[in-house]
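Enquirer: Sharing a structure below in structure tokens format, with a few things to ask.
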Ligand code: FAD
């Protein structure tokens with residue numbers, strides 16, 4: 054019933070045990086049956102298919118690596134990465150929704166929250182009873198978030214007041230809680246807050262005119278004297294270094310998403326070139342087509358092997374920032390190359406959104422830029438190689 058697995062040439066799936074393969078198969082079935090038939094329509098409309106949330110709850114994939122006492126499954130980062138690949142292989146926007154909620158927002162609470170905050174927020178987030186968003190980027194501060202946040206927080210008694218704007222915040226139009234990162238007016242350190250979206254003074258405005266990840270609801274957030282209690286301040290977030298601990302995890306996730314996006318494009322293109330006939334034969338039979346297919350597969354295979362090893366390092370607890378950044382760069386650059394070769398091989402049909410590959414091509418652009426652009430992640434790696442920081 055399902056298409057053959059032809060974009061996993063070195064059988065990375067074999068790293069999983071039989072039980073883990075069942076999880077992956079259930080995700081594949083969900084994506085093919087529930088998402089693939091509607092992805093193009095919702096991408097074109099720029100809307101999120103809210104009806105899938107109930108079905109996603111049943112799929113039960115939001116807490117794969119979390120402890121069972123929090124409602125999680127205590128499974129490996131490798132499985133979680135492959136789940137991300139499987140989702141992105143059909144639609145990168147849905148994978149971004151997963152990445153923002155289960156990656157950025159939940160990791161912020163888990164890695165920067167107190168035991169009480171973890172106990173209060175993680176179980177309902179795993180169950181998708183509460184959906185999360187993550188607000189770091191601002192209209193005028195993107196790559197330089199580590200030093201230049203202009204959103205401020207100020208404490209008076211046990212109440213904090215937050216003022217400022219955020220931009221690009223995924224899920225923010227409908228999330229129950231938004232993690233807001235702001236600079237303390239007194240000690241000038243970055244702090245994190247778990248903010249209810251409906252708090253007085255907080256407004257969201259959907260960004261409408263994207264050419265990438267159109268299903269994801271990105272928003273501008275405006276905050277005017279938003280009051281948050283000390284109880285809602287992430288108790289273990291004391292500076293941007295703590296925000297960076299969250300980003301390390303999610304950069305590994307973006308690398309997996311890029312693998313999935315590239316794989317979806319490659320597999321669809323392979324199928325197309327086998328069926329499309331010119332000069333009385335399938336275009337897949339031409340030498341130059343095969344050269345491109347072979348280049349795509351070699352790039353894709355290298356990416357898959359890299360992220361599989363990265364997740365093993367994560368499972369051992371030894372993945373470094375630089376290792377995550379290197380994979381994020383390598384896989385998003387490769388994804389851009391593969392999706393562009395895919396489009397080329399499909400000729401004019403390659404620019405039609407209904408033919409899927411154009412959607413992957415557009416989506417690859419956001420992967421390339423978010424969670425640290427290619428340049429910023431390369432500088433993280435460059436600093437590790439040379440010992441010299443090229444940041445200011
Ligand atoms: P800029 O920082 O303005 O960079 C522009 C260019 O300058 C880039 O090419 C960059 O690499 C280059 N550049 C900047 N500094 C240097 C340097 N020192 N050396 C060399 N080159 C440099 N943010 C959130 O907080 N939450 C979200 O949920 C979220 N979701 C997103 C979803 C999408 C679809 C997109 C597109 C973005 C999202 N972002 C989110 C924001 C994202 O993380 C930022 O876009 C990213 O960090 C880059 O910032 P910027 O776009 O402002 O680019």
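Residue numbers (full-length UniProt numbering): 54 to 445. Note that CB positions come from ideal geometry on N, CA and C, so glycine has one too.
(1) Do the CB positions of residue 139 and residue 307 come within less than 8 Å of each other?
(2) Does the distance between the C-beta of residue 331 and the nearest non-hydrogen atom of ligand 1 fall short of 7 Å?
(3) Can you give me the start and stop residues for the alpha helix (DSSP H) that residue 98 sits inside?
(4) Under 7 Å: does the beta carbon of residue 235 sit that close to some heavy atom of ligand 1?
(5) Buried or exposed, going by whether 16 or more other CB atoms sit within 10 Å of the CB of residue 103?
(6) Rounded to whole angstroms, what is the Cα-Cα separation between residue 442 and residue 244?
(7) At a threshold of 7 Å, does residue 153 count as lining ligand 1 (C-beta to nearest heavy atom)?
(8) Under 8 Å between the Cβ atoms of residue 388 and residue 315?
(9) Given this structure, state the Cα-to-Cα distance separating residue 334 from residue 341, to the nearest angstrom.
(10) Any idea if residue 122 is buried or exposed, counting beta-carbon neighbours within 10 angstroms, 16 or more meaning buried?
(11) Below 8 Å on the Cβ atoms is my contact criterion, and I expect residue 449 with residue 220 to pass it. Report the Cβ-Cβ distance as a whole number of Å.
(12) What are the boundary residues of the beta strand (DSSP E) that residue 208 is part of?
(13) Quick one: measure Cβ to Cβ for residue 299 and residue 246, integer angstroms, because I've assumed they're closer than 8 Å.
(14) Could you give the residue range of the alpha helix (DSSP H) that holds residue 364?
(15) What distance in whole Å lies between the Cβ atoms of residue 345 and residue 302, which are believed to be in contact at a cut-off of 8 Å?
(16) Flag this pair as touching only if the segment 232–244 and the segment 185–203 have three or more C-beta atom pairs under 8 Å; answer yes or no.
(17) With a Cβ-Cβ cutoff of 8 Å, do residue 272 and residue 258 count as a contact?
(18) Evaluate residue 264 with the Cβ neighbour count: other Cβ atoms within 10 Å of its Cβ, from every protein chain shown; 16 or more gives buried, anything less gives exposed.
(19) In angstroms, rounded to a whole number, what distance separates the CA positions of residue 277 and residue 216?
(20) Where are the beta strand (DSSP E) runs, 3 residues long or more, that stay fully inside the segment 156–225, in chain order?
(21) Whose C-beta lies closer than 7 Å to the C-beta of residue 116 among residues of the same chain, with five residues either side of it excluded?
(22) Does DSSP put residue 291 in a helix, a strand or coil?
(23) Are there any heavy atoms of ligand 1 lying less than 7 Å away from the beta-carbon of residue 221, as far as the coordinates show?
(24) Cutting at 6 Å between CB atoms, please list the residues of its own chain near residue 408, excluding the five before and the five after it.
(25) Taking just the CA atoms, how far does residue 411 sit from residue 227?
(26) How big is the Cα-Cα spacing for residue 204 and residue 253?
(27) Please report the distance separating the alpha-carbon of residue 153 from that of residue 137.
(28) Just tell me which of 330, 293, 318 has its CA closest to the CA of residue 404.
(29) Please confirm whether residue 150 and residue 312 have their CB atoms less than 8 Å apart.
(30) Taking 7 Å as the cut-off, does the CB of residue 423 come closer than this to any heavy atom belonging to ligand 1?
(31) Would you decide whether residue 106 is buried or exposed? Buried here means 16 or more other CB atoms lie within 10 Å of its CB.
(32) Under the rule that 16 or more other beta-carbon atoms within 10 Å means buried, what is residue 429, buried or exposed?
(33) Any heavy atom of ligand 1 inside 7 Å of the beta-carbon of residue 269?
(34) Apart from the five residues on each side of it in sequence, which residues of its chain come closer than 7 Å, Cβ to Cβ, to residue 68?
(35) Report yes if the C-beta distance between residue 232 and residue 292 is below 8 Å; otherwise report no.
Expert: Answer, in terms of the structure:
(1) Contact flag unset, no.
(2) no
(3) 89–98
(4) no
(5) exposed
(6) 24 Å
(7) yes
(8) yes
(9) 14 Å
(10) exposed
(11) Here the chain covers residues 54 to 445 and nothing more, so residue 449 does not appear.
(12) 205–209
(13) Rounded, the Cβ-Cβ distance is 14 Å, inconsistent with contact.
(14) Residue 364 -> alpha helix (DSSP H) spans 340–369.
(15) With a Cβ gap of about 34 Å, residue 302 and residue 345 do not count as contacting.
(16) As far as the Cβ criterion goes, the segment 232–244 touches the segment 185–203, which means the pair count is three or higher.
(17) yes
(18) exposed
(19) Rounded to the nearest angstrom, the two C-alpha atoms are 5 Å apart.
(20) 185–188, 205–209, 212–223
(21) 123, 124, 125, 126, 179
(22) It is coil, neither helix nor strand.
(23) yes
(24) The answer, listed in chain order, is 402.
(25) 27 Å
(26) 17 Å
(27) 12 Å
(28) Of the listed residues, the one whose Cα sits closest to residue 404 is 318.
(29) no
(30) yes
(31) exposed
(32) buried
(33) yes
(34) Around residue 68: 131, 361.
(35) no
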